[in-house]
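>
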Amino acid sequence: MSTIAVESRPVAGGRVAAAWTAVADAISDTADVAWRNLLTQLRTPQALVFATIQPVIFVLLFRYAFGGAIHVPGVNYVDFLMPGIFAQTVAFGAVGTAVGLSGDLRTGILVRFRTLPMARIAVLGGRTVADLARNLLVVAVMTGIGFAAGFRSPHGAGGLFAALGLVVAFGYALSWGFASLGLRVSDPEAAQAAAVPLIFLLVFTSAAFVPSTAMPGWLQAFGTHQPVDALVNAERALILGGQAAHDVLISLAWSGGLLVLFALLAVRIYARMGR
Amino acid sequence: MSEAMIEAHGLRKAFGQVRALDGLDLAVPAGSVLGLLGPNGSGKTTTVSILATSLRPDGGRATVGGLDVVTEAARVRRVIGLAGQFAAVDPNLTGRENLRLIGRLSRLGRVQARVRAEELLDRFGLTAAAGRLVRGYSGGMRRRLDVAAALLHRPAVLFLDEPTTGLDPESRFALWDSVRDLARSGTTVLLTTQYLEEADALADQVVIISAGRVADTGTPAELKARFGMAVFHLDFSRQEAAEAAHAALASAGYRPRRAGAGLQIRSVAGTGELAGVLRALDGRAPDPVSVAVREPTLDDVFLSLTRGGEAA
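Top line first, the protein sequences correspond to chains A and B.
Letter by letter, the first sequence follows residues 1 to 275 in the working numbering.
Letter by letter, the second sequence follows residues 1 to 312 in the working numbering.
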């Protein structure tokens with residue numbers, strides 16, 4: 001049997017140095033894969049356009065078509081609406097993570113990645129980081145659309161940015177959830193079909209577009225105990241003013257908890273692929 | 001024979017009820033080219049996937065460069081390159097971007113990845129197309145890029161999974177030249193193919209697999225010799241004539257195979273036996289309209305093996 005001496009890195013500082021090298025490699029690989037995913041998305045702009053068109057249509061629908069019939073005491077409806085739109089935008093955006101990974105599974109890029117000496121985490125990390133960057137872009141566009149439709153963020157820029165921070169954090173956590181789905185389904189259309197109804201359920205039972213008090217009790221019970229609702233409430237507290245700390249903590253707890261849970265799940269699925 | 005760079009013992013892998021590999025053994029000497037030959041579904045891709053660490057075997061053991069493909073997968077990945085039907089390049093990146101990305105992910109430094117990318121683009125004749133998106137490449141260009149991507153970190157072992165399936169002859173021959181160059185420079189190559197001609201042209205050693213097991217193994221020359229030295233084709237243009245000839249030859253101790261108005265006779269002795277064949281026909285059957293002698297191809301070997309016994 002012939003053996004190959006795999007050149008080992010200089011381990012002058014022993015294990016600590018090796019661990020640092022591994023972390024540096026993981027970050028560098030994640031950045032490279034994220035860059036590839038962003039380039040790929042920019043070169044297939046249809047997906048990005050559709051990801052933006054849907055929330056724009058919702059702004060127009062709810063602001064101009066339904067908005068006149070919805071009365072939320074004490075606020076302009078468009079100021080009530082936009083936090084819901086932001087949440088909806090990143091929630092549907094997370095479906096893109098599933099679609100992207102399942103596309104990589106279908107084309108065979110994932111097979112190549114799995115045979116490279118790259119950091120294992122970089123495939124998932126690079127995908128979710130790229131989707132985070134895309135979310136930042138789409139949320140910025142939606143903020144602009146909101147302002148054009150009369151949104152004024154009454155509590156000022158600080159509240160708005162804090163709210164958008166929560167939105168993006170939630171979107172990132174959700175991306176990891178859909179990463180697991182994408183790794184399981186090697187058909188992007190099927191991945192999308194599986195993901196969209198779930199998002200619909202979460203968004204439309206939350207207070208994203210109408211106050212939960214307008215819903216029957218059984219629906220409220222579900223609708224007010226799920227992460228999209230928590231996010232929308234925290235955003236409104238930050239954007240409209242009021243006691244924000246409690247709602248913000250609940251939303252952060254949801255996002256943090258889901259992130260840990262989903263990331264562990266996705267990493268496990270990725271590690272077990274090919275068994 | 002030098003020492004084995006790739007070794008597999010009793011590899012087993014099932015997908016649900018389907019047994020893709022059923023106790024496969026392989027040994028590929030360092031610096032040689034092994035042709036893994038078999039029809040669709042015989043387990044070629046499964047074998048490559050396991051050796052290239054993207055699939056875990058259910059049973060058995062395999063090493064590449066002395067490293068276990070399951071327990072030392074991370075180290076195996078530093079010495080292997082994989083190209084072929086199921087390992088892809090990114091259609092939405094340019095050829096150059098693909099190579100730089102994969103170079104980086106193969107643990108090359110930024111500068112080194114750039115330099116290697118240009119070297120390989122040049123070597124595979126892709127420099128002119130390097131700035132174009134791969135989705136606009138022809139099938140042949142894509143395959144060459146795919147092979148280039150597997151070579152960035154100068155792997156000691158290269159796996160090529162059906163590298164020329166679906167390619168036009170010109171692209172195929174160009175790829176063969178690349179494989180020969182790699183073998184000459186000391187790279188150990190494991191190549192799967194459905195084309196017997198390809199294994200014949202490239203492989204030092206051929207392993208024929210069928211239903212997840214090794215059906216036969218040897219050098220292309222050995223396999224052909226085992227099968228016979230020559231194959232005679234006799235064409236009679238009329239079926240009755242061929243039937244009469246078949247009967248005449250069979251009674252003379254030959255084992256002809258009839259296909260329509262033609263007969264095929266495998267000869268262990270070689271071309272000299274043709275005279276005896278023709279003498280056996282004399283007066284018992286019409287003269288053939290044409291007689292052809294050819295060397296046995298791996299197709300002959302392969303068909304005889306997978307049809308389970310009766311050759312020619």
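Even for Gly, the Cβ is constructed at its ideal location relative to N, Cα and C.
Quick one: what does DSSP say B:A292 is sitting in, helix, strand or coil?
DSSP places B:A292 in strand when its eight states are reduced to three.
> DSSP state of B:D58, grouped into three classes?
B:D58 falls in the coil class under three-state DSSP.
> Between A:H246, A:I53, A:V111 and A:V33, which lies nearest to B:T46 when the distance is taken from Cα to Cα?
If we check each option's Cα against that of B:T46, A:V111 comes out closest.
> For A:G14, name the three-state secondary structure that DSSP assigns.
Here A:G14 sits in helix by DSSP.
> Output, in sequence order along the chain, the residues in the region 96–110 of chain A whose CB is closer than 7 Å to any CB in chain B.
Those residues of the region 96–110 of chain A that come within reach of chain B (Cβ to Cβ, closer than 7 Å) are T107, G108 and I109.
> Whole angstroms are fine: how far does the CA of B:R226 sit from the CA of B:A199?
Whole-angstrom Cα-Cα distance: 17 Å.
> Tell me which residues of the region 170–185 of chain A have at least one Cβ-Cβ distance to chain B shorter than 9 Å, keeping chain order.
The region 170–185 of chain A vs chain B, Cβ under 9 Å: nothing.
> Ignoring anything shorter than 3 residues, give me the beta strand (DSSP E) runs that lie fully in the region 103–162 of chain B, in order along the chain.
For the region 103–162 of chain B, whole beta strand (DSSP E) runs of length 3 or above, ordered along the chain, are 157–161.
> Throw me the rounded Cβ distance for the A:N37 and A:A130 pair, which I believe falls under 8 Å.
Indeed, because the Cβ distance is near 4 Å, the residues count as touching under 8 Å.
> Report yes or no: do the region 79–91 of chain B and the region 161–173 of chain B share at least 3 C-beta pairs separated by less than 8 Å?
Yes, the region 79–91 of chain B touches the region 161–173 of chain B.
> If you measure beta-carbon to beta-carbon, which residues of the region 24–55 of chain A are closer than 7 Å to chain B?
Cβ contacts with chain B come from D29, D32, R36, L39, T40, R43 and T44.
> Hey, would you say B:R75 sits closer than 8 Å to B:H9, going by beta carbons?
Not a contact, by the Cβ cut-off of 8 Å.
> Using the rule of at least 16 other Cβ atoms within 10 Å of the residue's Cβ for burial, across every protein chain shown, is A:F262 buried or exposed?
Buried.
> So B:N92 contacts chain A; which residues on that side make the cut at Cβ distance below 8 Å?
Within chain A, the residues near B:N92 are L39, T40, R43 and T44.
> Buried or exposed for B:S2, going by 16 or more other Cβ atoms inside 10 Å?
At B:S2, the pLDDT of 49 sits below 50, so the modelled position is not reliable; the number obtained from the coordinates is stated separately. When all chains shown are included, B:S2 counts as exposed.
> Exposed or buried, A:P83, counting other C-beta atoms within 10 Å across all chains shown (16 or more means buried)?
It is buried - the Cβ of A:P83 has at least 16 other Cβ atoms within 10 Å.
> Does the beta-carbon distance from A:L48 to A:F62 come in below 8 Å?
For A:L48 and A:F62, no; Cβs fall outside 8 Å.
> Where do the N-terminal and C-terminal ends of the beta strand (DSSP E) with B:R257 fall, by residue?
First-last of the beta strand (DSSP E) with B:R257: R257 to A259.
> Going along chain A in order, which residues have a C-beta closer than 8 Å to the C-beta of B:T271?
Near B:T271 there are no residues of chain A at all, since even the closest Cβ is about 41 Å away, more than 8 Å.
> For B:S32, which of helix, strand or coil comes out of DSSP?
Here B:S32 sits in coil by DSSP.
> For A:T128, decide whether its Cβ has a neighbour in chain B, counting only Cβ atoms nearer than 8 Å.
No - not a single Cβ of chain B is within 8 Å of the one on A:T128.
> Compare the C-alpha of B:D300 against each of B:L105, B:L223 and B:G35 and name the closest.
Ranking B:L105, B:L223 and B:G35 by Cα distance to B:D300 puts B:L223 first.
> Is it buried or exposed for A:Q243, if we count other Cβ within 10 angstroms and need 16 for buried?
Exposed is the call here.
> Look at the Cβ atom of B:V89, then the Cβ atom of B:D146, and state whether they are nearer than 8 Å.
Taking 8 Å as the Cβ cut-off, B:V89 and B:D146 qualify as a contacting pair.
> Between B:A148 and B:P296, what straight-line distance do the alpha-carbon atoms span, to the nearest angstrom?
Computed Cα separation, rounded: 34 Å.
> Assuming B:G38 and B:I209 make a contact with CB atoms under 8 Å, what is their CB distance in whole Å?
Contact flag correct, Cβ pair sits at about 4 Å.
> Apart from the five residues just before and just after A:P211, which ones in its own chain have a Cβ nearer than 7 Å to its Cβ?
So the list reads V72, once near-sequence residues are dropped.
> Check whether the Cβ of A:G100 sits closer than 7 Å to any heavy atom of the ligand NAP, and report yes or no.
Of ligands this structure carries none, so the ligand NAP is not represented either.
> Among the residues of its own chain, which have a CB less than 8 Å from the CB of A:T213, if the five just before and after it don't count?
The answer, listed in chain order, is Q220.
> Please classify A:I57: is it buried, with 16 or more other beta-carbons within 10 angstroms of its beta-carbon, or exposed?
Answer is exposed; the Cβ neighbour count stays below 16.
> Is B:D22 helix, strand or coil by DSSP?
Three-state DSSP puts B:D22 in a strand.
> Check whether the Cβ of B:A52 lies closer than 8 Å to any Cβ atom in chain A.
B:A52 counts as touching chain A.
> Of the residues B:A280, B:G65, B:A275 and B:V293, which one's Cα is nearest the Cα of B:I228?
Residue identity check: residue 228 of chain B is Gly in the sequence provided, not Ile. The candidate whose alpha carbon is nearest that of B:G228 is B:V293.
> Quick check on the DSSP output: the beta strand (DSSP E) that includes A:L48 runs from which residue to which?
Unbroken run through A:L48 is the alpha helix (DSSP H), P45 to L60; no beta strand (DSSP E).
> Give me the chain A residues within the contact set of B:S106, using Cβ-Cβ distance strictly less than 8 Å, ordered along the chain.
Going along chain A in sequence order, the residues near B:S106 (Cβ under 8 Å) are L116, P117 and M118.
> Listed from N- to C-terminal order along the chain, which residues in the region 192–217 of chain A have their beta-carbon within a distance smaller than 9 Å of any beta-carbon of chain B?
The residues in question: there are none.
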